Each structure stands twice: as structure tokens, then as C-alpha cells.
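Before any comments, here is the structure.
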Amino acid sequence: MHVILIIKNFIGFTIFKMLKHYLVLSNNNSKNLLFINTGQIGDLIISSLIFKNADILKKKYDNIYFLLKYEFAELFKDENKINFIQWNYKKYKYNIIYRIKFLLNLRKLNIIDTFNLTAARGITVDELSLLSGGKNIFALNSNYRYLTKLFGESIDKMYTKILAKNILNEYDKNIIALKYLGLDYQFDKTNYQRKDNNTYKYDIVIAPFSSLRNKEWGRKKFEKLIKILSQKNKILLLGAFEQKNKLDSLKKDNDNVSIDAGEIPLNNIQNVIKNSKLFIGLDSGLSHIALKVGTPLIAIIGGALFGRFFPYNDNYNTRYLYNKMDCFGCELRCIHKEPYCLTEVTVDEVLKNAYEILDNYEDS
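FYI, the numbering for the sequence shown is 2 to 365, going by the numbering used here.
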């Protein structure tokens with residue numbers, strides 16, 4: 002596996018050096034800012050901390066750009082202070098014409114400062130950043146998830162600065178980037194604000210599945226949890242289109258349970274989660290949305306990436322559940338038959354936390 006990674010890095014690095022040599026820059030006096038995050042929904046929600054400060058940044062820069070995967074662009078459809086650049090990973094990787102055209106168009110934007118906010122760096126996102134045309138190019142970290150140490154250290158030297166080299170948590174890293182830009186930003190503490198009962202279409206929103214097996218708590222556990230909670234609560238189960246059959250298997254004939262398998266537009270998901278009394282999920286993008294919008298949250302997270310994303314900002318209404326083990330920090334390379342850091346969290350433990358949060362709502 003290590004040999005394959007070295008070969009991939011060598012090929013990618015060679016292509017990068019060739020493109021760097023031949024691509025030209027267009028010059029004018031514009032002062033534009035570019036953020037790059039090619040991660041998943043959770044990564045993007047973390048980096049959306051930046052959007053709250055767009056008005057302040059526009060006093061320093063003419064335009065603000067944010068590059069992300071095209072499939073997640075809808076998430077920020079209603080955000081009009083940022084210019085979003087949609088990027089197709091597969092086309093970029095396998096179509097050299099698309100790749101060159103994309104980079105040429107990027108370099109025409111006259112970027113002065115580029116910030117690579119991507120959590121798990123690889124040669125592709127480093128290429129996007131270093132060939133963006135920015136005069137000053139920054140990365141948040143030296144997380145070589147898709148790089149060998151040799152290539153990673155070589156590429157690090159090409160950046161103007163690695164801003165948060167010794168910081169583990171991705172929220173803290175993004176806040177450091179904002180502080181580097183002169184913004185004194187503090188993460189908003191999750192506020193539990195009671196709304197009128199008529200505001201809620203669903204009492205509890207649950208996202209029971211992950212695209213990664215080692216992040217899953219277990220279908221049978223969720224089945225038991227949902228059966229009990231739905232006795233007194235309206236529940237919405239959220240998932241991707243390809244998870245519809247699994248969601249149906251949890252709903253069964255329960256009239257108090259509804260499902261949505263990729264039907265709600267991404268830009269509306271935030272409102273659905275916000276307008277609920279409680280969100281229960283995994284170490285996933287939807288849990289980050291719940292944290293962002295201030296909905297009481299129970300996240301069953303395990304320990305594979307412990308501290309990297311979650312736990313963060315835990316308090317009475319923001320709770321992270323896991324079974325403590327010596328192998329925390331394995332980065333999803335589980336050495337056990339199953340991820341016991343997740344699966345040993347009991348249904349009773351989740352119920353206890355859910356009832357405490359819901360009772361607090363009723364008493365407030």
C-alpha cells in the first residue's frame with residue numbers, strides 16, 4: 002500500500018511540476034482572496050465560519066472566492082457574499098484538458114492570497130492551491146493523509162506558511178486562519194432556544210448512517226432507539242438517496258417516523274435540523290450542521306478521529322458519546338473486529354442523554 006502511494010505521489014508531483022512550469026499568469030491590480038476546501042459536507046460547514054466575516058474581508062479584498070466540489074455547491078446556494086467556484090474532482094484528475102482549462106481560469110482571477118482549508122491534504126488539492134496564482138499561499142496543516150512524508154515535506158516548503166501545524170482540531174485551525182486575516186473570531190456557543198411547539202414539524206431528526214462503515218453505530222441499535230423515542234416524538238430520518246432502503250427498514254410501519262433520502266435540497270437541510278428539538282447523528286456532516294445552527298446535539302462519534310473534528314464545544318445540549326479505548330486516533334484504520342469505540346455505546350446511554358435534553362426543553 003505504501004509503495005502504491007509513493008508511485009501515485011510521484012506521478013502527481015511530476016504533473017504538478019510540469020504544469021507549474023508552463024502555466025502563465027494574467028496580471029492586473031485586483032486584490033482577490035481565495036479559499037479552497039475540497040472536503041465533504043462537514044469540512045465545508047466548519048470552513049463556513051468564514052462567511053460570517055465576509056463583509057469585513059471585503060474591506061481588504063476586492064472579491065472573495067471559495068472553491069469546493071460541485072456536488073456540495075447547493076449547500077451554500079443562499080450565500081451571496083462569496084463567489085463560489087465549483088470543481089469536478091473526477092474530471093480534474095482524469096481529463097487533462099479540463100484540468101488545464103480549470104487552472105488557467107483560476108489563475109485569471111488575480112488572486113493575491115490563497116488559503117488551503119482542506120483537512121486531509123493530497124497532491125491534487127496542493128496543486129490547486131499552489132497553482133492558483135496567489136502571491137501568498139497558506140495551508141492550515143501538514144496532515145499528509147494522501148501524501149508520503151517525503152513528498153509532503155517538499156510541498157510544505159512551497160507554501161508561504163503552514164498556519165496551524167501543531168493544532169489538532171479543524172474548527173480551531175479555521176479560526177486561526179481568520180485571526181491571521183486580522184479577524185478576532187470566537188466560535189458561537191450552542192444556544193438552546195425554546196421555540197413554540199408549532200414551530201417544529203419534527204421533534205427529533207436522526208441521521209443513522211455513514212458512507213464509512215467504521216463510523217457506523219449499528220442499524221439494530223438505531224432501530225431500538227427509534228422505536229422507543231417515536232412513542233412520544235415525531236421523528237425524521239435523514240440519509241442519502243442510496244440509503245433509502247436502509248432508512249425504510251428503520252421506519253417500518255411507524256406513523257411517527259418519516260424518512261428523507263436525499264430529497265431535501267442541501268441548502269434547506271440546515272432549516273430542517275434547526276427547526277427540531279434534538280438532532281442525533283454520527284461523526285458526520287449533518288452533526289456539524291446541528292452544531293452550527295444551535296440545535297441540541299447527540300453525536301455518537303467513536304475515537305478514530307478523536308479531537309480532529311469532534312468533540313468540540315460540548316456542553317449540556319451538545320453531547321458526544323464514545324467508548325474510551327487505547328487505540329483512539331487510529332484514523333479509521335481499525336485493528337479490531339468492529340469499532341468498539343462506537344459499538345460499545347449503548348442504546349440506554351443515548352436514551353438517557355436524549356431524555357435529559359428533551360426534559361430540559363419542556364422545563365425551560
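Note that beta-carbon positions come from the ideal geometry of N, C-alpha and C, so glycine has one too.
Source: prediction; values computed, not measured.
C-beta contact flag for residue 165 and residue 174 at 7 Å: Contact flag set, yes.
Contact belief for residue 213 with residue 333 at Cβ below 8 Å, rounded distance in angstroms: Sure, about 7 Å apart at Cβ, within 8 Å.
Cβ pair count under 8 Å reaching 3, the region 311-318 against the region 232-241: With the cut-off at 8 Å, the region 311-318 and the region 232-241 do not touch.
Three-way DSSP call (helix, strand, coil) for residue 323 in this model: Looking at residue 323 - three-state DSSP - the assignment turns out to be coil, as it is neither helix nor strand.
Contact belief for residue 286 with residue 43 at Cβ below 8 Å, rounded distance in angstroms: About 4 Å; that satisfies the 8 Å criterion.
For residue 258, the first and last residue of its enclosing beta strand (DSSP E): Counting along the chain, the unbroken beta strand (DSSP E) around residue 258 starts and ends at 258-262.
Whole-angstrom distance between residue 207 and residue 355, CA atom to CA atom: Linking residue 355 to residue 207 through their CA atoms gives a straight-line distance of about 12 Å.
DSSP-derived helix/strand/coil call for residue 349: The three-state reading of DSSP puts residue 349 in helix, counting H, G and I together.
Per DSSP, the bridge partner or partners of residue 300: Answer is 282 and 321, bridged to residue 300.
Cβ-heavy atom distance, residue 326 to the ligand NAD, below 6 Å: Looking at this structure, you won't find the ligand NAD or any other ligand, since it has none at all.
Cβ-Cβ separation, residue 107 to residue 65 (assumed contact under 8 Å), whole Å: The C-beta distance from residue 65 to residue 107 rounds to 14 Å, too long to meet the 8 Å contact threshold.
Whole-Å CB distance - residue 352 paired with residue 205, under 8 Å assumed: By a beta-carbon distance limit of 8 Å, residue 352 does not contact residue 205. Their separation comes to about 12 Å.
Distance between residue 275 and residue 203 (C-alpha atoms, nearest Å): Straight through space, the alpha carbons of residue 275 and residue 203 are spaced by roughly 10 Å.
Cβ-based burial, residue 191 [other Cβ within 10 Å; buried from 16]: Only weak support is given to the placement of residue 191: the predicted model assigns it a pLDDT of 48, under 50, and the question is left unresolved by the model.
Beta carbon of residue 67 nearer than 7 Å to that of residue 36: Yes.
Cut-off 6 Å between Cβ atoms - residues of its own chain near residue 100, not counting five sequence neighbours on either side: Closer than 6 Å at the Cβ level, and outside the excluded window around residue 100, lie 93.
Helix, strand or coil at residue 61 according to DSSP, with G and I counted as helix: The three-state secondary structure of residue 61, taken from DSSP, is coil.
Sequence-distant residues of its chain with Cβ nearer than 6 Å to residue 290 (five each side left out): These residues qualify, in order along the chain: 46, 271 and 274.
Where residue 194 falls: helix, strand or coil (DSSP): In this predicted model, residue 194 has a pLDDT of only 48, less than 50, meaning its place in the structure is not dependable enough to derive any value.
8 Å contact criterion, which residue 1 and residue 358 should meet: CB distance rounded: For residue 1 there is no data in the structure shown, the boundaries of the chain being 2 and 365.
For residue 55, three-class secondary structure by DSSP: In this structure, DSSP gives residue 55 a helical state, which the three-state scheme calls helix.
Pairwise C-alpha distance: residue 120 and residue 263: So the alpha carbons of these two residues sit roughly 25 Å apart.
Residue environment, residue 347, which counts as buried when at least 16 other CB atoms sit within 10 Å: Taking a 10 Å sphere around the C-beta of residue 347, we find fewer than 16 other C-beta atoms and assign the residue as exposed.
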